[in-house]
Structure formats: C-alpha cells, structure tokens
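Undergrad: Would you mind keeping the following structure in view while I ask a few things?
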Amino acid sequence: MPYSNVLIHFIWSTKNRRHLISNELKPKLLEHIKSNSIKKGIYIDTLNCVSDHIHLIVSLGKEQTLSNIAMLIKGESSYWVNNNRLTREKFGWQDEYIALSVSHSAIDKVRAYILNQEEHHKRKTFNEEYEEFLRANNFPNSFGRNSIE
Numbered sequence: 001m002p003y004s005n006v007l008i009h010f011i012w013s014t015k016n017r018r019h020l021i022s023n024e025l026k027p028k029l030l031e032h033i034k035s036n037s038i039k040k041g042i043y044i045d046t047l048n049c050v051s052d053h054i055h056l057i058v059s060l061g062k063e064q065t066l067s068n069i070a071m072l073i074k075g076e077s078s079y080w081v082n083n084n085r086l087t088r089e090k091f092g093w094q095d096e097y098i099a100l101s102v103s104h105s106a107i108d109k110v111r112a113y114i115l116n117q118e119e120h121h122k123r124k125t126f127n128e129e130y131e132e133f134l135r136a137n138n139f140p141n142s143f144g145r146n147s148i149e
C-alpha cells in the first residue's frame with residue numbers, strides 16, 4: 001500500500017484581488033470550504049482568509065494533484081457564494097495560485113502564519129506578501145521577471 005504525507009500551502013486571491021470577503025462572509029466561506037472539501041476527499045489542515053485572499057494547508061492525497069485540488073475548492077466555493085448571493089458583485093477566485101510544500105519541521109510556524117493573517121495584513125498588503133512569497137521561492141514575480149534578476 002502506498003503512503004503519502006505531503007503538506008501543501010496554497011495561496012490564491014479573489015478575482016482581480018478585489019476585497020470581496022467581508023467579515024460577515026468570512027466564517028461562512030471558511031466553514032463551507034472545510035465541509036465541502038471533506039465531501040470531495042480533500043483534507044484541509046489549516047485555512048484562513050482576509051478580504052482579498054485565502055491561505056490553506058492541504059494534505060495531498062496519493063491520487064490528488066495540486067491543480068485539481070485548487071480547481072475543486074475555487075470552483076465550488078465561487079459557485080456557492082454566487083448561488084447564495086453572499087456578495088454584492090460576482091464572486092470569483094484568480095486563476096493563478098501559489099503552492100508550496102511544507103516540511104513537518106515548519107508546519108507549526110506555517111499554521112501560525114496562516115491563523116494570524118488579520119494581524120499580519122495590518123502591516124503588509126497582499127500584493128507585498130505575494131511578491132515576497134514569489135521572491136523567497138524563486139518564482140517569476142507578477143511582472144514576469146525572475147526574482148533573482
């Protein structure tokens with residue numbers, strides 16, 4: 001029997017990084033994502049969001065792919081928000097996302113980072129955070145240049 005224990009830190013924003021997740025919507029959205037993910041066989045370890053983006057730690061199952069997990073969570077949650085008219089304008093998630101592996105030695109630090117998003121974003125915008133993640137992990141930045149150039 002194959003065994004897998006791969007933890008992934010996902011980050012993605014609302015469509016066009018708009019501030020669509022209100023304080024009223026946030027707990028409903030997080031609970032819905034958790035419960036729907038269980039139905040889809042997706043194990044979410046930790047999640048939190050602020051008005052314009054979400055962070056999740058997901059345990060990647062042996063038959064799951066990063067893109068499929070992101071597609072299922074994004075697509076279904078967008079549908080649910082819009083179908084229930086929980087925002088004034090159409091809700092959606094940006095197509096792009098960041099997916100980073102999380103070592104077991106760092107899991108508590110990443111969990112704390114995710115759970116402390118509200119405090120973190122009093123000092124830093126999502127755009128600043130996103131660019132830092134891209135640079136720190138040697139991804140091309142959002143302007144299409146490699147971060148080490």
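Residue numbering for the sequence shown follows my numbering, beginning at 1 and increasing consecutively.
Beta carbons are placed, not taken as given, at the ideal position from N, Cα and C, and that holds for glycine.
1. Taking a contact to mean a Cβ-Cβ separation below 7 Å, would you say I38 touches I69 in this structure?
2. In terms of residue numbering, what span does the beta strand (DSSP E) encompassing F10 cover?
3. Looking at the structure shown, is A99 part of a helix, part of a strand, or coil, going by DSSP?
4. According to DSSP, is S22 helix, strand or coil?
5. My understanding is that S14 touches H53, with C-beta atoms under 8 Å, so please give their C-beta distance in whole angstroms.
6. Can you tell me which residues form a DSSP beta bridge with N48?
7. Could you give the DSSP three-state label for L86: helix, strand or coil?
8. For H9, collect the residues of the same chain with a Cβ closer than 6 Å to its Cβ; drop the 5 residues on either side in sequence, then sort them by chain order.
9. Using only the alpha-carbon positions, how far apart do E118 and H19 sit?
10. Could you check if I34 is buried or exposed, using at least 16 other CB atoms within 10 Å of its CB as the buried criterion?
11. Determine the burial state of H55: buried for a count of at least 16 other Cβ atoms within 10 Å of its Cβ, exposed for fewer.
12. Within the continuous alpha helix (DSSP H) that includes E118, where are the two ends?
13. Using the Cβ count rule (16 or more neighbours within 10 Å means buried), how would you classify S4?
14. Leaving out five residues before and five after R46 in sequence, what residues of the same chain have Cβ atoms less than 6 Å from its Cβ?
TA: Let's see:
1. No, they are not a contact pair.
2. First-last of the beta strand (DSSP E) with F10: 6 to 13.
3. A99: strand per DSSP, three-state reduction.
4. DSSP, reduced to helix, strand and coil, places S22 outside both helices and strands of the structure shown, so it counts as coil.
5. Looking at the sequence shown, residue 14 is not Ser but Thr. The pair is a contact, with the Cβ atoms about 7 Å apart (cut-off 8 Å).
6. Its beta-bridge partners are H55.
7. In this structure, L86 counts as coil in the three-state DSSP scheme.
8. Excluding residues within five positions, the ones whose Cβ falls inside 6 Å are I57, L100, V102, V110.
9. Taking the straight line joining both Cα atoms gives about 14 Å.
10. Per the sequence shown, the amino acid found at residue 34 is Lys instead of Ile. So K34 counts as exposed.
11. Buried, since its Cβ has 16 or more Cβ neighbours within 10 Å.
12. E118 -> alpha helix (DSSP H) spans 117 to 120.
13. With a threshold of 16 other beta carbon atoms within 10 Å, S4 falls short and is exposed.
14. Sequence inspection shows Thr at residue 46; the Arg mentioned does not correspond to that position. Apart from sequence neighbours up to five positions away, the residues of its chain that approach T46 with a beta-carbon distance below 6 Å are I57, R111, I114, ordered along the chain.
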